[in-house]
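In the UniProt record's numbering, the protein residues as written are 1 to 612. No residue lacks a Cβ here, since even glycine has one placed at the ideal position from N, Cα and C. What follows is a short report on a single structure.
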Ligand code: G6P
């Protein structure tokens with residue numbers, strides 16, 4: 001999704017902004033641009049369609065000199081990807097603005113500005129902000145005061161940064177519904193939609209709150225004003241993950257690195273959270289025991305891959321903790337009239353903590369009331385979801401750059417299993433099941449390494465998919481959401497149409513699709529449903545379908561014509577969803593590499609979806 005970078009320094013900013021944009025590439029975008037105020041007070045701008053490299057080429061031909069500037073990567077919402085729609089947008093030759101999000105009332109604002117004689121050069125909603133700002137700045141002769149007024153006119157979700165040649169020592173910015181952080185440097189100040197954009201210049205950040213306005217000035221000046229426009233002090237925090245976490249190292253793609261990171265990051269997720277025979281309930285805070293004892297229902301809300309993690313958790317929470325659990329995608333939930341059973345814990349799951357629909361669902365819930373508490377299971381400290389929830393459980397996956405989520409998913413699963421066991425412990429006391437699962441969790445990082453050792457065998461299978469147009473994924477029980485996640489991975493990065501079904505549903509429709517051109521992938525751990533799954537696989541074979549089965553090493557299944565078998569280490573049935581995710585991630589990865597797609601930044605997709 002769109003990205004913002006801004007810098008006020010006493011050195012040349014072009015390359016700082018460019019590096020910031022490169023670091024935001026992972027979020028997904030279709031064009032990029034930059035505006036810099038030069039020493040002679042002139043505003044210069046460059047924009048380009050496509051990759052940041054295209055902008056860089058233009059800047060090489062004609063660089064932007066100056067020590068204050070703003071830059072942007074755009075992911076089209078209003079108006080197709082084109083140079084004239086790329087940000088920064090200008091009003092006249094003095095004012096430039098970059099914007100993430102959507103200005104919902106831009107049409108009436110545009111009509112009013114046109115009546116006032118302003119000429120629009122783009123199809124974007126953002127350009128209204130440029131003209132409104134130019135008009136108000138001229139009227140008030142004060143950039144901050146103009147900005148304060150303009151934001152009262154805007155409806156929608158946005159993060160903005162504005163610069164003006166008549167005020168060459170300041171950048172003003174705000175966030176409402178889209179993230180924006182201030183990077184605190186030494187005698188320098190920065191703005192970005194994501195701290196990762198600024199790790200080359202600082203590791204100290206101020207996470208702005210909803211409705212905050214900020215004015216960056218020379219010599220590191222940062223003034224923050226709250227939604228009531230009062231000056232307010234916001235603490236800065238050090239970004240926990242080193243800059244290493246955002247480098248690809250020896251790997252060809254971030255996605256592959258992140259798949260291979262999983263053993264290590266799961267170790268981090270487990271750190272300090274496992275007792276001898278049970279999970280510490282205080283993983284949710286010092287007085288979580290009492291609260292957890294009152295949880296009688298759970299509502300899980302998420303989008304995309306995170307939603308699939310929630311679907312797995314439902315099986316765990318009901319079977320291991322005996323707590324009725326609902327799981328729903330945020331974009332549906334937020335518009336539904338929901339009946340909330342007493343004692344419901346509201347759980348949001350999100351890698352980024354900034355997904356617009358998930359955040360909206362949380363806010364809708366907070367406003368409506370009726371829940372016991374809200375819990376965010378999230379990967380980004382300081383994100384909106386974390387700040388606005390009563391309780392948090394951090395997944396500790398470190399920055400995830402590949403758009404297709406991998407390590408964030410498996411660490412979400414681990415966190416959800418920890419939550420399940422903490423609930424079981426508080427509500428039912430210690431028992432052998434917990435002791436068994438705690439020990440299985442301890443062995444998980446090593447098991448993950450064994451699972452990843454299948455990489456080259458999976459690469460071998462991938463050739464069978466590269467020329468196909470469709471694929472089917474099947475599983476039963478917790479393996480159904482894992483099949484959904486496998487199908488999502490394949491379609492996201494290889495653009496092969498893939499669907500997942502609970503294996504028992506095959507005969508109710510999808511069997512009609514099965515022929516030699518439709519590979520069927522099955523995930524088959526040694527659980528109580530394995531016998532039934534085997535019968536489902538027979539149904540596929542009987543219709544000429546080619547099967548790719550990822551199965552427990554102890555299951556009696558024969559490889560043969562039309563059946564490719566890959567054995568996984570024996571694993572506890574509750575841990576199996578985590579282990580069986582790995583081959584599906586690797587399969588999607590290798591198929592995408594064979595097809596030559598842009599693995600880390602697949603077309604049309606964004607890492608963090610901050611618009612509705
Ligand atoms: C986007 C990403 C997915 C992600 C989903 C939810 O669609 O491309 O990988 O699963 O958003 O994101 P979240 O940050 O809320 O987990």
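Residue j beta carbon less than 8 angstroms from that of residue i
i	j	result
residue 24	residue 203	no
residue 270	residue 426	no
residue 297	residue 370	no
residue 146	residue 140	yes
residue 164	residue 126	no
residue 461	residue 316	no
residue 468	residue 517	yes
residue 525	residue 591	no
residue 17	residue 56	no
residue 332	residue 325	no
residue 172	residue 183	no
residue 119	residue 103	no
residue 215	residue 223	yes
residue 44	residue 71	no
residue 437	residue 280	no
residue 199	residue 403	no
residue 81	residue 49	yes
residue 266	residue 220	no
residue 374	residue 357	no
residue 123	residue 89	no
residue 61	residue 95	no
residue 321	residue 420	yes
residue 392	residue 258	no
residue 385	residue 345	no
residue 444	residue 283	no
residue 100	residue 158	yes
Backbone CA spacing between residue i and residue j [nearest angstrom]
i	j	result
residue 561	residue 5	55 angstroms
residue 492	residue 473	15 angstroms
residue 485	residue 579	13 angstroms
residue 521	residue 350	27 angstroms
residue 336	residue 300	14 angstroms
residue 180	residue 207	7 angstroms
residue 312	residue 191	38 angstroms
residue 65	residue 39	8 angstroms
residue 137	residue 143	5 angstroms
residue 396	residue 27	19 angstroms
residue 354	residue 178	7 angstroms
residue 170	residue 98	15 angstroms
residue 439	residue 599	36 angstroms
residue 540	residue 548	11 angstroms
residue 507	residue 475	14 angstroms
residue 364	residue 309	22 angstroms
residue 449	residue 569	11 angstroms
residue 11	residue 582	46 angstroms
residue 376	residue 528	32 angstroms
residue 429	residue 414	21 angstroms
residue 306	residue 494	20 angstroms
residue 210	residue 519	47 angstroms
Any non-hydrogen atom of ligand 2 closer than 7 angstroms to residue i Cβ
i	result
residue 304	This structure does not include ligand 2; its bound ligands are ligand 1.
Extent of the continuous beta strand (DSSP E) to which residue i belongs
i	result
residue 207	204-207
residue 348	344-350
residue 328	325-329
residue 46	43-49
residue 213	213-216
residue 72	68-74
residue 190	189-192
residue 99	95-103
residue 31	31-37
residue 181	181-184
N- and C-terminal bounds of the alpha helix (DSSP H) containing residue i
i	result
residue 694	An answer regarding residue 694 cannot be provided, because it is not within the stretch 1 to 612 covered by the chain.
residue 91	Note, residue 91: premise wrong, no alpha helix (DSSP H); beta strand (DSSP E) at 89-91.
residue 615	Look at the range of the chain in this structure, 1 to 612, and you will see that residue 615 is not part of it.
residue 115	106-115
residue 380	Per DSSP, residue 380 belongs to no alpha helix (DSSP H) and is neither H nor E.
residue 52	52-61
Short CB-CB distance (under 8 angstroms) between residue i and chain B
i	result
residue 110	Of the protein chains in this structure there is only one, and it is not chain B.
Practice item. Could you name each continuous alpha helix (DSSP H) segment of 4 residues or more that falls completely within the UniProt domain "SIS" (461-602), going from the start of the chain to the end? Key: 479-494, 530-542, 576-595
**Study point:** Unbroken stretches of the alpha helix (DSSP H), 4 residues or longer, contained in the stretch 224-312
**Key:** Taken in chain order, the unbroken stretches of alpha helix (DSSP H) that lie wholly in the stretch 224-312 and span 4 residues or more are 254-260, 262-270, 288-293.
Review point. Where in the stretch 383-463 do unbroken runs of the alpha helix (DSSP H), each at least 4 residues long, occur, reported from the N-terminal end onward?
Key: 384-388, 407-428, 432-442, 444-452
Review point. What are the start and end residues of each continuous alpha helix (DSSP H) run of 4 or more residues lying completely inside the stretch 140-173, in chain order?
Key: 143-153
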